[in-house]
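For reference, the structure is listed below as structure tokens.
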Amino acid sequence: MPTYGRPTGALAFVQNISPKLDDFVEVVIVDDNGLGSANQIETKKVLTPHLKDNIKYLALEKNLGAGSARNYGVDNSQGQYIAFMDDDDELIYDALIRKLNYALELKCQVLCSDMFLKRNGKIIDSKSCYFKSSDPKEFLLCGNTYTPMIMVSKDTFNQIGGFDPVSYYQDHVLMLKIFVHEIAVEYFKEKTFIHNAHNGPRISGIRKSSDGFSARLYYEAKLLDVIGLNKNWSNIYCFNLNRMELFIRNIDNDVKSFWFIKYLFRQLILIRSVVQFIRLFKDLFTTLSR
Numbered sequence: 003m004p005t006y007g008r009p010t011g012a013l014a015f016v017q018n019i020s021p022k023l024d025d026f027v028e029v030v031i032v033d034d035n036g037l038g039s040a041n042q043i044e045t046k047k048v049l050t051p052h053l054k055d056n057i058k059y060l061a062l063e064k065n066l067g068a069g070s071a072r073n074y075g076v077d078n079s080q081g082q083y084i085a086f087m088d089d090d091d092e093l094i095y096d097a098l099i100r101k102l103n104y105a106l107e108l109k110c111q112v113l114c115s116d117m118f119l120k121r122n123g124k125i126i127d128s129k130s131c132y133f134k135s136s137d138p139k140e141f142l143l144c145g146n147t148y149t150p151m152i153m154v155s156k157d158t159f160n161q162i163g164g165f166d167p168v169s170y171y172q173d174h175v176l177m178l179k180i181f182v183h184e185i186a187v188e189y190f191k192e193k194t195f196i197h198n199a200h201n202g203p204r205i206s207g208i209r210k211s212s213d214g215f216s217a218r219l220y221y222e223a224k225l226l227d228v229i230g231l232n233k234n235w236s237n238i239y240c241f242n243l244n245r246m247e248l249f250i251r252n253i254d255n256d257v258k259s260f261w262f263i264k265y266l267f268r269q270l271i272l273i274r275s276v277v278q279f280i281r282l283f284k285d286l287f288t289t290l291s292r
């Protein structure tokens with residue numbers, strides 16, 4: 003679990019899990035605040051009384067981002083399977099153990115599950131609560147994953163090269179890499195953690211850079227070489243591809259008027275659903291508001 007700017011969040015996680023922790027489960031907390039920073043010093047201070055043989059605290063010399071922090075944690079772990087958490091979410095420990103036993107029984111390389119969503123202290127149901135999907139084509143077109151949904155064998159994680167060092171979309175890019183390597187993804191139909199929706203800073207960086215979109219486009223192109231798409235699916239993918247190019251241009255402040263007009267016409271030709279039309283309208287509003 004990487005932690006950044008949230009000593010109380012890391013402490014709450016450890017206090018919750020420590021009484022339940024089995025000897026065969028190891029917790030690795032990676033402090034990504036930067037060695038010597040006020041948050042790093044405070045995080046170490048509050049966690050130290052709770053550390054033991056299977057609860058480790060590691061501090062990175064400087065802030066590297068969530069993906070690199072998770073890679074460092076995996077490198078310093080001992081387990082056969084790796085599960086991920088964020089310092090502002092809540093683990094459902096018993097469900098995670100059931101998920102682990104399922105992975106061991108079926109010898110899964112990758113096993114994904116669902117989540118609860120908490121907003122303003124209330125649990126709500128949403129499409130984002132559900133992992134989608136074990137099918138690479140469906141994931142390419144409308145995939146949904148959060149990092150704590152993913153459980154992966156350590157061997158598989160190392161085989162694909164772990165997380166890419168991007169500021170966002172680390173989880174989505176990781177799943178694309180898994181599919182590019184033609185690794186089977188299994189689904190565990192249970193909610194294994196609570197995702198807290200809030201307006202504060204998250205462990206993944208905000209979209210000041212286009213690196214996340216660029217990495218996603220790169221691995222989506224590689225996945226297309228593996229699976230191919232029929233005409234209908236190609237239309238959907240092209241619509242999404244065009245949107246990502248717009249997102250990159252918006253982040254890089256590179257949306258020219260003539261290019262944007264062509265973008266709108268291209269998207270109108272590709273539209274096959276009301277949802278796509280709504281997304282195009284949203285793109286128009288967002289771009290013109292910048």
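First residue of the sequence shown: 3, per the numbering used here; consecutive thereafter. Positions of the beta carbon are idealized from the N, C-alpha and C atoms, including for glycine. Here the structure is a predicted model, which means the values were calculated and not measured.
Taking all protein chains shown into account, do 16 or more other C-beta atoms lie within 10 angstroms of the C-beta of residue i, making it buried, or fewer, making it exposed?
i: Tyr221; result: buried
i: Asn73; result: buried
i: Val168; result: buried
i: Arg218; result: buried
i: Ala40; result: exposed
i: Cys144; result: exposed
i: Leu106; result: exposed
i: Gln80; result: exposed
i: Lys258; result: exposed
i: Ala85; result: buried
i: Arg8; result: buried
i: Asp25; result: exposed
May I have the straight-line CA-CA distance separating residue i from residue j, to the nearest angstrom?
i: Asn255; j: Ile57; result: 44 Å
i: Val175; j: Asp166; result: 7 Å
i: Leu49; j: Leu226; result: 45 Å
i: Lys46; j: Glu192; result: 33 Å
i: Phe195; j: Gln269; result: 37 Å
i: Arg100; j: Thr289; result: 45 Å
i: Thr5; j: Phe241; result: 36 Å
i: Phe283; j: Val16; result: 44 Å
i: Glu28; j: Leu60; result: 13 Å
i: Leu178; j: Leu37; result: 32 Å
i: Phe118; j: Gly67; result: 25 Å
Output the boundary residues of the beta strand (DSSP E) element that contains residue i.
i: Asn2; result: It is not possible to answer for residue 2, since the shown part of the chain is limited to 3 through 292.
i: Phe118; result: Val112 to Arg121
i: Ile152; result: Ile152 to Ser155
i: Leu60; result: Ile57 to Ala61
i: Ile126; result: Lys124 to Ile126
Taking the alpha helix (DSSP H) that residue i belongs to, which residues open and close that run?
i: Tyr221; result: Asp213 to Ile229
i: Tyr95; result: Tyr95 to Leu108
i: Thr45; result: Ala40 to Leu49
i: Ile19; result: Pro9 to Ile19
i: Glu140; result: Pro138 to Cys144
Determine which residues share a DSSP beta bridge with residue i and list them.
i: Thr1; result: Not covered by the structure: residue 1. The range shown for the chain is 3 to 292.
i: Pro4; result: Val32
i: Tyr74; result: None, per the DSSP bridge assignment.
i: Ala85; result: Met153
i: Lys264; result: For Lys264, which the question treats as bridged, DSSP gives no partner whatsoever.
i: Glu247; result: Paired residues: none, contrary to the question.
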